[in-house]
Every structure is written in C-alpha cells, then in structure tokens.
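Numbering (my numbering), first residue to last: 9 to 228. Just so it is clear, CB atoms sit at the ideal spot from N, CA and C, and this is done for glycine as well.
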Amino acid sequence: MDTWASITIAATSSLAAIASAIAAFLSLRVSTRAFRWQRSQSAPKVIIRTYTTLDAPTCIYVRIENIGQEPAFDIKFKSSTELKKGFGFAPIDPESAQPLLGPIATGIPALAAGDYRELLWGQYGGLHSLVGDGFIRIDCEFSDSQQILHSTPNFLEVKSYEHTNIGDNRPLSKIVQELSQLRTEFKDLITKGVVVEHRKEYVDRLQAQREETARKKQRS
C-alpha cells in the first residue's frame with residue numbers, strides 16, 4: 009500500500025513538474041514573440057517606391073523612405089539590373105541611356121524615421137523602353153541602432169502607368185503636331201516672301217514718316 013502511495017505521489021510530482029516546465033516554456037515563447045513584435049514595430053524600415061506629382065504630372069520619381077520608427081544606418085542597395093534614366097514619350101535606345109546617380113547608387117549613411125530622398129527617374133515612354141512590362145528588384149540592406157541587419161525587397165515598374173494621365177501622351181502629341189504645323193506654315197510664309205513684303209512696307213512707311221518730319225522742321 010505504501011508502495012502504491014509512493015508511486016502515486018512521485019507520478020503526481022512528475023506531472024506537476026512537467027506541467028510547470030510546459031507553462032514556463034509557453035510563457036517564454038509568448039514573451040519572446042511579444043518582444044519580437046514590439047521590436048519589429050519600432051525597428052527602421054527603408055522602402056523604395058515610385059510616384060508622380062501634380063506639378064510635373066508626366067515625370068516619374070523614385071523615393072527612398074524610412075517608414076519605420078527608428079533611424080536606419082549604412083543603407084545599401086542591390087539592384088537586379090542597373091537603374092537608368094529615361095525621358096520622353098517615344099521609345100529610346102537603352103544603350104544610350106544614362107545611369108541614375110545619387111543615393112540609390114552610392115548608398116545613404118543614415119536616414120531618420122520618416123525621412124526620405126527623392127530622385128527624378130524619367131518619363132513613361134523612355135522608362136518603358138528600359139524596364140518594359142517587367143520590374144526591377146532592389147534589395148535594401150540597413151542596420152538599426154543595435155547594429156542588427158535588416159533587409160527589404162522592393163520592386164520598381166512602369167507598366168501600371170500605362171493609359172494613366174502620365175502614360176497617355178496623346179494631348180502632348182497633338183500639341184507637338186500643332187507646333188510643327190505652325191513652324192511649317194511660317195517657313196512657307198518666308199519662302200513666299202510674305203514676311204519680307206510686310207517688312208518692306210513697314211520700312212517704307214517709317215522712311216516716309218522721317219521725310220515728313222524733316223520737311224516740317226525745314227518749314228519752321
């Protein structure tokens with residue numbers, strides 16, 4: 009009887025110890041997750057995105073921004089392909105395009121929370137010649153104040169701007185055509201001598217006024 013009692017007590021103690029260990033493990037795991045979540049909410053986070061403005065609606069800009077709660081340090085960028093500038097509404101030669109310089113090429117020593125850097129990337133027609141319907145991946149690596157390394161993947165594309173206010177260049181093309189037509193008509197006027205004739209009439213009229221003024225002075 010005493011043996012069974014001893015076994016029961018030992019088993020109960022073992023189960024209690026196991027339960028305590030499990031509870032301690034779960035508590036530690038919950039605490040660790042809570043710490044990681046809190047840490048992730050306050051850590052720096054540097055992203056790269058494109059945007060446009062009302063002041064320059066045909067231009068596409070690249071913004072490097074720290075949307076986290078802490079400053080980011082030693083920011084570096086690794087691109088799947090070289091970023092190049094592309095301007096104009098017509099296709100351009102990718103080989104002749106100039107590289108996009110600035111912080112995205114040289115990196116950023118430090119970027120405060122909420123701070124950003126902006127770069128003029130180009131316009132839809134030129135950029136679509138460089139990027140096409142795909143995207144450029146840029147991995148951003150940076151450290152926080154505890155020197156813990158972080159990384160964020162970013163994807164830049166221009167396809168989504170097609171048929172938008174900046175992608176639809178028909179109004180601008182119409183303006184260009186009208187200016188070209190005016191230029192042609194002006195050349196025709198010069199060729200036909202109309203402008204020269206008007207200029208001659210103006211000179212003759214000015215000369216007549218001068219002669220009339222001279223005669224009046226002689227009379228007086």
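| Check | Outcome |
| --- | --- |
| Using a Cβ-Cβ cutoff of less than 7 Å, which residues in the same chain neighbour D141 once the five nearest sequence positions on both sides are dropped? | K167 |
| Which residues bound the alpha helix (DSSP H) around A113? | 111 to 114 |
| If you drop the 5 nearest sequence neighbours on each side, which residues of the same chain put their C-beta closer than 7 Å to that of P99? | G133, S137 |
| Just grab the DSSP bridge partners of F150 for me. | H158 |
| How many angstroms separate the CA atom of E165 from the CA atom of V70? | 11 Å |
| For the pair the stretch 53 to 62 and the stretch 143 to 162, tell me if three or more CB-CB distances fall below 8 Å. | yes |
| Can you have a look at G2 and say buried or exposed, based on whether 16 or more other CB atoms are within 10 angstroms of its CB? | The requested residue 2 is not part of the displayed model; the chain covers only 9 to 228. |
| Can you say whether I146 is buried or exposed, counting buried as having 16 or more other CB atoms within 10 angstroms of its CB? | buried |
| For Q131, count neighbouring C-beta atoms within 10 Å of its own C-beta (all shown protein chains included) and say buried if the count is 16 or more, exposed if not. | buried |
| Whose C-beta lies closer than 7 Å to the C-beta of I112 among residues of the same chain, with five residues either side of it excluded? | V70, I72, F85, L91, L127 |
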